[in-house]
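Asks:
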Amino acid sequence: MNIAIAGGGIGGLTLALALHQRGISCTVYEAAPQLRPLGVGVNLLPHSVKELAELGLQEALAATAIETASLTYYNKFGQTIWSEPRGLAAGYPVPQYSIHRGELHMILLDAVLRRLGPERVVLGHQLTGFVNSGQKVQAKFTRLLDHSAVTIEADALVAADGIHSAARKQMWPNEGAPRYGQRVLWRAITEGEPFGDGRSMFMAGHPDVKFVAYPISRKLAEQGRSRINWIAELSVPEMPTRTDWNREVDISVFAEPFDSWKWEWIDIPKLIRGASAVYEFPLVDRDPLPHWRQGRVTLLGDAAHPMYPIGSNGASQAILDVRALADSLAGKGKLEAALEAYEAERLPKTANIVLLNRQNGPEQVMAIAEQRAPQGFKHIHDVMPREELEGIAARYKQVAGFTKDQVKKA
Numbered sequence: 019m020n021i022a023i024a025g026g027g028i029g030g031l032t033l034a035l036a037l038h039q040r041g042i043s044c045t046v047y048e049a050a051p052q053l054r055p056l057g058v059g060v061n062l063l064p065h066s067v068k069e070l071a072e073l074g075l076q077e078a079l080a081a082t083a084i085e086t087a088s089l090t091y092y093n094k095f096g097q098t099i100w101s102e103p104r105g106l107a108a109g110y111p112v113p114q115y116s117i118h119r120g121e122l123h124m125i126l127l128d129a130v131l132r133r134l135g136p137e138r139v140v141l142g143h144q145l146t147g148f149v150n151s152g153q154k155v156q157a158k159f160t161r162l163l164d165h166s167a168v169t170i171e172a173d174a175l176v177a178a179d180g181i182h183s184a185a186r187k188q189m190w191p192n193e194g195a196p197r198y199g200q201r202v203l204w205r206a207i208t209e210g211e212p213f214g215d216g217r218s219m220f221m222a223g224h225p226d227v228k229f230v231a232y233p234i235s236r237k238l239a240e241q242g243r244s245r246i247n248w249i250a251e252l253s254v255p256e257m258p259t260r261t262d263w264n265r266e267v268d269i270s271v272f273a274e275p276f277d278s279w280k281w282e283w284i285d286i287p288k289l290i291r292g293a294s295a296v297y298e299f300p301l302v303d304r305d306p307l308p309h310w311r312q313g314r315v316t317l318l319g320d321a322a323h324p325m326y327p328i329g330s331n332g333a334s335q336a337i338l339d340v341r342a343l344a345d346s347l348a349g350k351g352k353l354e355a356a357l358e359a360y361e362a363e364r365l366p367k368t369a370n371i372v373l374l375n376r377q378n379g380p381e382q383v384m385a386i387a388e389q390r391a392p393q394g395f396k397h398i399h400d401v402m403p404r405e406e407l408e409g410i411a412a413r414y415k416q417v418a419g420f421t422k423d424q425v426k427k428a
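As numbered in my numbering, the sequence shown has no gaps in its residue numbers, which increase by one up to the final residue, 428.
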């Protein structure tokens, strides 16, 4: 069996490692002419860390990432709404990691190049479409060096080519543009003094005015410093003109609503000013699809189920896709049946997360606190009973697949 993987991001490279581990030949085709450590921070929840550990990557992750110990939600006055331990501190068998997306990408790329060989990562090839042909699929690419058309024949094509997936567009030509959530995120990294214990993640405000931050560098933490990934989010009714994640903007575009967010344990305006570059990203997703497979072609990651970055699930769900697909392909059944089994396992689960994230997932505790106590509170339990807070957190973990029992049994 030979699998063509379109897309050399987190999902595509992880799939290459998983297929190789199971003795399945594959090649990754990536549009970029060079893979570099780009982006900002990303969270890896315990269920995805377990999968990466089984691929032999935990040592590299531990050497680079922060082992996240807690997550706390605050209102716009810095008052605590809900706090819970995370990862090992919460009793999981594996950590939760916060890491620079580019560093995670390079860990995966290095492992693929060493294990599969450099010839298994073909750069500068952008997927344009496919043709199912009997027991094979022909994957169509444009080679960006000379804009020539290239056709690759494989037993199956896995499109891990992102929210603007060419394969998805061919399958569903009338789907249209991504669905805008009427909010915009500004993402950046600031190096400075650690906040809290240096291993904490927090979210503050409510859906219309929200700030998220967490440290992502073990190396700086060992020096008593912190590389802090942060996200500022505002309600913006009109869709910005671009949807790429690397549009650099000045902080004057968004910073004013956070000017008063200075609390004993953190100065958010200072954090914003300390960033060397800030990138704008409209909040977008797509409606869940009825199916991902067409013949010997299937979708994975953001190509299959782009979701709001709520609950730290985007990268983690792509990694869970990998496990399900690799296990299905390694089975003894026919290839088409393996693709069907993968879809049957993963499509309903990810569809539920997409829809729950539209309702703000576990972050709805901030929305409820704002609705019930817009001027703040003496104690959160005067506004929201502990049982309500616990229930919201537990339901999201269950739907997203990372309760302690789910991780231990996986």
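Glycine included, each C-beta is placed from N, C-alpha and C at the ideal position.
(1) Give the list of continuous beta strand (DSSP E) stretches no shorter than 3 residues that lie fully inside the stretch 130–206.
(2) Measuring straight from C-alpha to C-alpha, what distance separates F159 and R390?
(3) Indicate, with yes or no, if the ligand ATP has a heavy atom lying under 8 angstroms from the CB of M19.
(4) Terminal residues of the continuous alpha helix (DSSP H) containing V417?
(5) Mark H65 as exposed unless 16 or more other C-beta atoms lie within 10 angstroms of its C-beta, in which case mark it buried.
(6) Out of A322, S346 and L373, state which residue places its alpha-carbon closest to the alpha-carbon of A24.
(7) Are the stretch 266–275 and the stretch 293–306 touching by the rule of at least three beta carbon pairs closer than 8 angstroms?
(8) Return the chain-ordered list of same chain residues with a C-beta closer than 8 angstroms to the C-beta of I125, the five sequence neighbours on each side being excluded.
(9) Y360 lies in the alpha helix (DSSP H); which residues open and close that run?
(10) Name the two residues that bound the continuous beta strand (DSSP E) containing M219.
(11) Helix, strand or coil: how does DSSP classify K422 here?
(12) DSSP has S66 in a bridge; who is on the other side?
(13) In this structure, does DSSP put V227 in helix, strand or coil?
(14) Between the stretch 297–312 and the stretch 364–381, can you find at least three pairs of beta-carbon atoms closer than 8 angstroms?
(15) Taking just the CA atoms, how far does R265 sit from A418?
(16) Verify whether the separation of the beta carbon atoms of M325 and V372 is less than 9 angstroms.
(17) With DSSP as the reference, please indicate the residues paired to P300 in a beta bridge.
(18) What's the call for K94, buried or exposed, on a 16-neighbour Cβ count within 10 Å?
(19) Where does the unbroken beta strand (DSSP E) through R390 begin, and where does it stop?
(20) On the DSSP letters alone, give me the boundaries of the alpha helix (DSSP H) that L79 sits inside.
(21) Beta carbon of K154, beta carbon of E171: below 9 angstroms?
(22) Identify whether T32 lies in helix, strand or coil by the three-state DSSP scheme.
(23) Within a Cβ cutoff of 7 angstroms, which residues of the same chain sit near F148, ignoring the five residues on either side of it in sequence?
(24) Using only alpha-carbon positions, find the residue among I290, G30, D215 and G223 that is nearest to L122.
(25) Count the other C-beta atoms from every protein chain shown that fall within 10 angstroms of the C-beta of S151, then say buried if there are 16 or more, exposed otherwise.
(26) Note down, one range per segment and in chain order, each beta strand (DSSP E) of at least 3 residues found wholly within the stretch 97–128.
(27) For G210, does the three-state DSSP call read helix, strand or coil?
(28) Is T32 buried or exposed, if buried means 16 or more other CB atoms sit within 10 Å of its CB?
(29) For the putative contact between I21 and I42, defined by C-beta atoms under 8 angstroms, what is the C-beta separation to the nearest angstrom?
(30) With the cut-off set at 9 angstroms, would you say W279 and G214 are in Cβ contact?
(31) Over the uninterrupted beta strand (DSSP E) stretch that includes V267, give me the two end residues.
(32) Would you call the CB atoms of S244 and P196 closer than 9 angstroms?
(33) Just verifying my parser: in three-state terms, what is the DSSP assignment at I42?
(34) Use the C-beta contact count for G109: other C-beta atoms within 10 angstroms, 16 or more gives buried, fewer gives exposed.
(35) What would DSSP say about D305, mapped onto helix, strand or coil?
(36) For E256 and L301, what's the separation of their Cα atoms in angstroms?
Replies: Put simply:
(1) 143–151, 154–161, 166–172 and 174–177
(2) 53 angstroms
(3) Within the structure as shown, the ligand ATP is missing, as the structure has no ligands at all.
(4) R404 to A418
(5) buried
(6) A322
(7) yes
(8) L75, A78, L79 and T82
(9) L353 to R376
(10) S218 to H224
(11) helix
(12) Answer is none; S66 lacks a bridge partner.
(13) strand
(14) yes
(15) 30 angstroms
(16) yes
(17) V202
(18) buried
(19) Looking at the DSSP string, R390 is not in any beta strand (DSSP E); the run it does join, the alpha helix (DSSP H), is Q382 to R390.
(20) Q76 to T82
(21) yes
(22) helix
(23) V155, Q156, A157, K158, L175, A185, Q188 and V315
(24) G30
(25) exposed
(26) 98–103 and 115–118
(27) strand
(28) buried
(29) 6 angstroms
(30) no
(31) R265 to V267
(32) no
(33) coil
(34) exposed
(35) coil
(36) 11 angstroms
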